[in-house]
Amino acid sequence: MRSKSFIIETLQGDTGGRILIAILLCGCVVFPVFNLLVPQSSAFHISTYLVTLFGKYLCFALLALALDLAWGYCGILSLGHGAFFALGGYGMGMYLMRQIGDRGVYGDPLLPDFMVFLNWTELPWYWYGFNNFGFAMVMAMFVPGLLAFVFGWLAFRSRVTGVYLSIILQALTYALMLAFFRNEMGFGGNNGLTDFKDIIGFNLQTDETRAVLFVVTGLILILVYLFCRHIVKSKFGRVVVSIRDAESRMRFIGYKVENYKTSIFVLSALIAGIAGALYVPFVGIINPGEFEPLNSIEIVIWVAIGGRSTLYGAVLGAILVNYAKTRFTAVMPEVWLFALGGLFIFVTLFLPKGLVGFFSDLKEKMEKKA
Amino acid sequence: MQRIVLILSAVLFLFGLSGTLSEVEAQPEDVLQAPSSLEEIVQALATARRNEIPALVENIAELEDSRRRSFLESMLEGQIYFTRQEERVVKAVRIEEQFQISDSLTGEDLGLVGTRAVGRVSVNNSLRRNLRLLIAGIDLENEDPEIRLSAVEYLVSQAATESQEQLLQLKTVEIDNAVNQAIEEGLALVDLSSEDPSLRSAALDQLSGNLKNTIRNAIRQVAEGDPDPDVQAKAEDVLYSIQRDVELYGYVQTLFFGLSLGSVLLLAAIGLAITFGVMGVINLAHGELIMLGAYTTYVVQQTFPNSIDLSLLIAVPAAFIVSGLFGIAIERGIIRFLYGRPLETLLATFGISLILQQLVRTVFSPQNRPVSNPDWMSGQWQLNEVLAFNYNRLYILIFCIIVFALLSLLLKKTKLGIEVRAVAQNRAMAKAIGVRSNWVDALTFGLGSGLAGIAGVALSQLTNVGPNLGQAYIVDSFMVVVFGGVGNLWGTFYGSFILGIANKIMEPWAGAVIAKILILVFIILFIQKQPKGLFPQKGRGMEE
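Respectively, the protein sequence lines represent chains W and H. Numbered according to our numbering, the first sequence spans residues 1 to 370. Numbered according to our numbering, the second sequence spans residues 1 to 544.
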């Protein structure tokens, strides 16, 4: 029962995390059961639409977790996490594309439709191996990780920090977006990858597949949460936090600051890649729009609203903001950007510690009075 | 007379459609002897067979009648018809299901008729070409030298050999220099294909250094296959030097486009260089302040629709004020609470940018708004055949340099400028000697924002004015400032021109998107090596 004690130890003193994991576990049971076993006529039935929607939110939560690890604990305000997420998504998208096989519009057994459309005769080398699920998933993590490693190693070594780093990461994301919009890149250009049929042999459109995807995403989120919590509680995590608070001091003491920063940045990018890969089967499409700089900044606001450097706050923020977005864009689409913009300003001015910080401050005050 | 018969039979031979050779030869005699006034020839068109039409048209052009040109033009446009009943030749314009007909020469209105009542005088492609040549031939006698010039140019480019005689004739009476030059070129072009090698050689001498496309092609033909080896070698030399010139002018053109892009980048980034560079505030709403400037231009043009030519003169100060006021409001309302917290400033200003975008969508429309170019901004300055500067780009380049010079002066010489720099360098010390730093902050931010508004006016003359205008420039502007070095106006100046020119140099062989990506990647790598930009600000601070 080492694993059990590991979990207990990891969650020691983390009330928010414990509540979060309890809720997630409940969700992983409630959603599939009420979706598949309760008849549609019943008031307790959860529609497949909702399962998909919350599945998407879980992916965003994972992404927010990744950013919180880098921003909240290491002070790296990354405006490039949208790119890592999208790259992971493309990894999964390429696998799903290869799974279509000869069921595409042009019926080519090897080439995806868009390549036939562009009169390509053979598969580009970087598409090799993506018919294998394991390989595709490794690549979905490896490519964002590699990009983060190269970029981080260059940037942190030459001590590019703070706002500079954010802006350069934004430029990187922007450059990637421009590149992926090109048809010649071989990733479907403007339209991206879509029309997926099935994943490891299961039809993507069935309720059962979606429910399983939901559960898998939920469990991965729990595992990643535990992993992140473990990291930030370890010695490594403490060093990272110290670097966030006093970088020069840590350097003078003798820590290799750039190695720590690069490691945490790569870890964060890997998690973002996983989130992207899980996201694509839910929405059924991946296109260069995911690289838009706006998306990357939105991730930051999820974390800021939930409360940075708490991990569970990031998850909370991602789900809350996205739920609001779904609601707003359905009822009054033109108000959403006003609301989002206002949210940015409100949170930075009045809720610097996010919702989590706000409530814990409130609790403290109440206790003092009592 | 003999000559006309010859020409006519040649033309008929060339343009006759269904007629056999014997028929064609029989025709000219009849045609020539019969009608002699314009009315008569025109009337003959009504009953003429297809293969007779070209000869009649030639006849019309030969007449000394001032109405012939407009008639031939109508014919070129396919507006000449004949009425089936009276067999009268008319000009007809189709209006829905009917024809509005008028007399083909006097223009007298003959009312509306049905489509069946008239038949078209058929004009095929070869006749159309001939009509154009004839009209150009008539234009050679026009009083306006510019019309003569374009007629000569047309004849030379389309049929130099055939019009040699006309050109020679005009040369004897022509007094306008430009027209004479064009005639000389045309004649030299004809000589280039003459039998006599010395004539060809002389023509090459005359045409050396000429950049016109038609002439270059003609010389290339000589260089590729002239029977005389001396002439061929000479042609090769001439062609080589022309091509070198063309290449050189191509570089100048690229340089101009690079400078133009650089000036746009500089205008977009210069406000940022103030707010980000001097104050250290990350203003992600900077692009939207540019957009507001562009919309101000739109509003100004809507308010004074009759004085588009002056609209920019009003729009520049108006945009400066509008964007500047927005900037001051943003600084006083939000940013001043966030000094020293750059990452939070980044988020808050991003929120502002979202709100401003949506505001513009709500107030105006999500679609692009039309902003027109004043007359003096449209068109281009044609220096020679291969080099032309667009007036709008040229003026924006000049404007941008003026703005930069004024801003430098402002920061160097005025009290406000000195206070701004004092606060930027050492806030506490500046406060201690009595600078109202709050006031200076607000004004500096307003200045940077106002500059963004001015950039918007310039951009409205180059691109579409829409809610996304700002986003397209924000990444570029930040790149310029970061590349040039924060806190340094000259860095921004050189940075934007270097990036603009580099971009345009790469574009031809890499494509616009790849060029942009390469530039971004270059800056990302450059920042690794030189984290403080091209011109780093010197200071003692170990850690900001």
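Glycine included, every Cβ here is placed at the ideal spot set by N, Cα and C.
Under the three-state reduction of DSSP, H:R369 is assigned to strand. The beta-carbon distance between W:V160 and H:Q528, rounded to whole angstroms, is 7 Å. This is short enough to meet the 8 Å contact definition.
Under a 10 Å Cβ-count criterion, H:Q461 is classified as buried, with 16 or more other Cβ atoms of the shown protein chains found around its own Cβ.
The beta carbon of H:L518 is closer than 7 Å to those of M506 and A510 in its chain, skipping five residues each way along the sequence.
Short of 7 Å from the beta carbon of H:T47, and not among the five residues preceding or following it, lie these beta carbons of its own chain, in chain order: E87. Excluding five sequence positions before and after H:V179, the CB atoms of its chain that fall closer than 7 Å to its own CB belong to P145, R148, L149 and V152, given in chain order. For the pair of segments examined, the stretch 279-292 of chain W was found to touch the stretch 190-203 of chain W: the number of CB pairs separated by less than 8 Å reaches three.
Ranked by how close their Cα comes to the Cα of H:K212, the residues H:Y391, H:N384, H:I418 and H:Q158 have H:N384 in first place. Membership of H:N438 in the alpha helix (DSSP H) is indicated by the continuous run S437 to S460. Looking only at W:L362, W:T326 and W:E247, the smallest Cα-Cα distance to W:R157 is reached by W:E247. Pairing H:L204 with H:A235 gives a Cβ-Cβ distance under 7 Å. A residue is called buried once 16 or more other Cβ atoms fall within 10 Å of its Cβ, and W:L311 is buried on that count. Chain-ordered listing is empty here: chain W has no CB closer than 8 Å to the CB of H:A442, the nearest sitting near 17 Å. Counted as a single uninterrupted DSSP element, the alpha helix (DSSP H) harbouring H:T362 occupies residues P342 to V363.
Around the beta carbon of W:K363, fewer than 16 other beta carbons sit within 10 angstroms, so the residue counts as exposed. Between W:W336 and W:F328, the C-beta gap is smaller than 7 Å, which places the two residues in contact. Relative to W:Y95, the option among W:I285, W:L62 and W:N35 whose CA is nearest is W:I285.
Judged by pairs of C-beta atoms under 8 Å, the stretch 143-156 of chain W does not touch the stretch 99-118 of chain W, as fewer than three such pairs exist. Among the residues facing chain H, W:L69 is not included, as its CB has no counterpart in that chain under 7 Å away. Apart from the 5 residues on each side of it in sequence, H:V482 sits with its Cβ closer than 8 Å to the Cβ of I523, I527 and G533 in its chain, given in chain order. For the stretch 453-530 of chain H, there is no continuous beta strand (DSSP E) assignment of 3+ residues that stays within its boundaries. A distance below 8 Å between beta-carbons, with the five flanking residues on each side excluded, links W:Y174 to the following residues of its chain, in chain order: F291 and P293.
In the DSSP secondary-structure assignment, W:F117 is not bridged to any residue. Taking a contact to require three or more Cβ pairs closer than 8 Å, the stretch 308-321 of chain H and the stretch 424-438 of chain H do not qualify as touching. Contact check for H:N464 against H:N368 passes: the beta carbons are separated by less than 7 Å. In the DSSP assignment, H:R94 is bridged to H:F99.
Put simply, of W:I231, W:R238, W:T10 and W:V300 the residue whose alpha carbon is nearest the alpha carbon of W:L267 is W:I231. Distance check between W:D207 and each of W:D68, W:L24 and W:S47 places W:S47 closest, using alpha-carbon atoms only. By the C-beta criterion, the stretch 351-365 of chain H is judged to be in contact with the stretch 278-288 of chain H, since at least 3 inter-stretch pairs fall below 8 Å. Selection H:N438, H:F404 and H:L406 evaluated against H:V420 yields H:N438 as nearest (Cα-Cα).
Shown here, W:I200 sits in coil according to DSSP, grouped into three states, outside any helix or strand. Taking a contact to require three or more Cβ pairs closer than 8 Å, the stretch 390-403 of chain H and the stretch 445-459 of chain H qualify as touching. Note on geometry: alpha-carbon atoms of H:L76 and H:P197 lie some 39 Å from one another. Within chain W, the residues whose beta carbon sits less than 7 Å from that of H:F478 are I167, listed in sequence order.
Taken in chain order, the complete alpha helix (DSSP H) segments of 4 or more residues contained in the stretch 186-258 of chain W are 207-233, 235-245 and 247-253. In its chain, beyond the 5 residues on either side, A70, I76, A148 and G152 have a beta carbon closer than 7 Å to the beta carbon of W:F265.
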